[in-house]
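One structure is given here, and the rest of the page talks about it.
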Amino acid sequence: MKSLKKMAIFGISSLLALSLAACSGNNEDATSDPKDSDEEITLDFWTFGATGYEELAKEYEKENTNIKIKVKSSETADHHDALFTALSAGSGAPDIAMLEIDQFDRFKVAQDRFENLYDLGANDVKDQYLDWKWKSGENTEGDFLFGLPTDIGPKALYYRTDLFEEAGLPTDPEEVAALINSPEEFEKAGLQVKEKTGKPFVDSIEMAFRAYLDAAGTAYLTPDNELNLGADSEVKKAYDYAVRLNDLGIVGKFEMWSPEWANAVNNGEFAAELGAGWLKGWMEGNAPDAAGKWNVATLPTEFAANWGGSYIAVPKETKHAQAAYDFIEWLVSPENQLKSFQSHGLFPSAQSVYDMDEFKSNADEFFGGQATAPVFAEAAQDIAGIPYKGEKYFPIHNEILNALKNVQNEGADPEKEWEAAVKRAQDLLNR
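Residue numbering for the sequence shown is -21 to -1, 1 to 410, as defined by mature numbering (1 follows the signal peptide of the UniProt record, and there is no 0).
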């Protein structure tokens, strides 16, 4: 799932890591099959965002009359904060919990607080999901699975067809993908839009930065939680690219989710957005004047990346581990991932969905009748993996982003800003 407002919730994680041995769960049905029992079982399921899982849970209850599923949905930050607190205290955790991908690494320090889904049958469904998505749900050794894959956020190029046409660029998605097939061609297209329309190509310096960052093999930290911000790091490469695009004058100042950005999407005040599949749902509901003026094309392979998505885990505290697992295996099956995509725009991580007619023929009226789903499916299969993020991803990200904003808004020296941001990041890590 996407998180519209990322928040850095990291204070509890140290306490959580220190208290792993304080208590453990009591799984009464870990070796029994709930389907063979008449026992009435209630499962607490904590979710966040708009998933539609409440409706699917009702379907499951009809098929499994001894199972009752209580779904509790919260805002993304509140959800993860409450889960941290419950896991740290050793009581109050649900039977089932969603974990947002950008928050996930911070929970992995608490492996002893989760069921290993490999012990509950997950090996039997492993081949149904994208390999990179599945592997990101494992521990470093690959012998412990924290959660089953739900949705993903493959990135693509959203572009205004009217501005591309005014700039003399192609508007057909396949032609756009063929033309803008490298970071260098991305720059050229941006310069052409600027010259012909007077408008920025990319909406913000953050999105320019994320072009390379999201596709990086590592982000700010190594898996050993050492700072990864050297002069030859992938993060520095992403930083330099954003500075370059800003120097070329093709980067706007529309911060995502701000009212100004929303108006710019609606009114065509910038030409392109490097967005995930979930963004189209927001656009359809919030940019009515832009209907028919946006299309989607694949990004250059150097920018192929994932942004967003979740897993569903079973905390160790549950007394009904097998029943919880059986439900989530059903919930994220290819057939139900198709339903979640159709009802709430959750992009599937089960690749067999990409071949289903209901998926491939899902034309989007907002995008001029284009069937955008196959574009994102192609993008999903180009992704190499998800970079390690660690528990202090968000505060470090904000330090780098602040440096870029100082470069853009105040004309600050990029290298000095970089060095200062690296120092602040190291200070954060030392705390």
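Heads up, the beta-carbon is just placed ideally off N, CA and C, and yes, glycines get one too.
Asked                                                                                                                                : Found
GLU79, DSSP secondary structure in three states                                                                                      : strand
Anticipated Cβ contact below 8 angstroms, ALA210 with ALA187, distance rounded                                                       : At roughly 20 angstroms, the Cβ-Cβ gap does not stay under 8 angstroms, so ALA210 and ALA187 are not in contact.
First and last residue of the uninterrupted beta strand (DSSP E) at LYS134                                                           : 126 to 139
Straight-line Cα distance separating LYS175 from LEU142                                                                              : 9 angstroms
ALA329 in three-state terms, based on DSSP                                                                                           : strand
Exposure label - ASN5; buried when at least 16 CB within 10 Å                                                                        : Confidence at ASN5 is low in this model, with a pLDDT of 48, below 50, so the placement of that residue should be treated as unreliable; the coordinate-derived value is given next. Under this definition ASN5 is an exposed residue.
Residues of its chain near PHE93, where Cβ-Cβ distance is below 7 angstroms and the 5 sequence neighbours each way are ignored       : PHE125, ALA292, VAL293, PRO294, LYS295
Where TRP397 sits in the DSSP three-state scheme                                                                                     : helix
Whole-Å CB distance - ASP206 paired with LEU408, under 8 angstroms assumed                                                           : Note that residue 206 corresponds to Leu in the displayed sequence, not to Asp. Rounded, the Cβ-Cβ distance is 6 angstroms, consistent with contact.
Limits of the unbroken alpha helix (DSSP H) element including residue 428                                                            : This structure gives no information on residue 428, because the portion of the chain shown stretches from -21 to 410.
Spatial neighbours of GLN405 in its chain, beta-carbon cut-off 7 angstroms, leaving aside the 5 residues before and after            : LEU206
GLY256, buried or exposed, once every other Cβ within 10 Å from all chains shown has been counted against 16                         : buried
Classification of LYS259 by the beta-carbon crowding that lies within 10 angstroms, buried from 16 upward                            : buried
Reference GLY288, options MET262, ALA329, GLU263, ALA302, closest by Cα                                                              : ALA329
PHE320, buried or exposed, once every other Cβ within 10 Å from all chains shown has been counted against 16                         : buried
For ASP226, three-class secondary structure by DSSP                                                                                  : helix
Buried/exposed call for GLN100, threshold 16 Cβ in 10 Å                                                                              : Residue identity check: residue 100 is Gly in the sequence provided, not Gln. Exposed is the call here.
Residues near CYS2 by beta carbon distance below 7 angstroms, same chain, minus five either side                                     : Bear in mind that a pLDDT of 43 at CYS2, under 50, signals an unreliable position, so the number given afterwards is only what the model happens to contain. Cβ within range, chain order: GLY69.
Inter-residue spacing [alpha-carbon to alpha-carbon] between ILE307 and ASP130                                                       : 13 angstroms
N-terminal and C-terminal residue of the alpha helix (DSSP H) that GLY288 is part of                                                 : Unbroken run through GLY288 is the beta strand (DSSP E), 285 to 292; no alpha helix (DSSP H).
Residue environment, ARG410, which counts as buried when at least 16 other CB atoms sit within 10 Å                                  : exposed
Nearest-angstrom beta carbon gap, GLU79 and PHE123 [assumed within contact, 8 angstroms]                                             : No, PHE123 and GLU79 are not in contact; Cβ-Cβ is about 19 angstroms, not under 8 angstroms.
Chain-order list of residues whose beta-carbon lies under 6 angstroms from that of TYR108 (same chain, five-residue window excluded) : PRO128, SER328, ALA329
Environment of ASN274 [buried if 16+ CB atoms lie within 10 Å]                                                                       : buried
Residue environment, TYR304, which counts as buried when at least 16 other CB atoms sit within 10 Å                                  : buried
Short CB-CB distance (under 8 angstroms) between GLU213 and chain C                                                                  : Of the protein chains in the structure, only one exists, and it is not chain C.
Cβ neighbours of ILE229 in the same chain (closer than 8 angstroms, five flanking residues each side left out)                       : GLU166, GLY169, LEU170, VAL172, LYS173, PRO179, PHE180, VAL181
Touching by the beta-carbon criterion (3+ pairs, under 8 angstroms), the region 108 to 121 and the region 243 to 251                 : no
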